[in-house]
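Visitor: Residue numbers (the UniProt record's numbering): 1 to 73. Where a beta carbon is used, it is the ideal one built from N, C-alpha and C, also for glycine. Structure incoming, see below.
And the structure:
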């Protein structure tokens, strides 16, 4: 894989772990935590939502789903 793809996958995994640890978070919380643009955050959240790992109960807020995930380092 290209370095940019690796970086994206690591960022998405870190984002998922952050949401899992903090419960419901806002898009702005993620922007502040990861220091990237809201558009990039939204793109990454769309990947997580597509894979049914996060959901948005209210616009702009995100939480993890009950889907089981096997975490590797």
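Quickly, what does DSSP pair residue 61 with across the bridge? List them, please.
Guide: 26, 58
Visitor: In or out: residue 54 buried (at least 16 other Cβ within 10 Å) or exposed?
Guide: buried
Visitor: Just reading off the alpha helix (DSSP H) that residue 36 is part of, what are its end residues?
Guide: Element bounds for residue 36: n/a, residue is neither H nor E.
Visitor: Between which residues of its own chain and residue 57 is the CB-CB distance below 8 Å, once the five residues before and five after are set aside?
Guide: 24, 63
Visitor: From residue 42 to residue 27, what distance separates their C-alpha atoms?
Guide: Those two C-alpha atoms are separated by around 8 Å.
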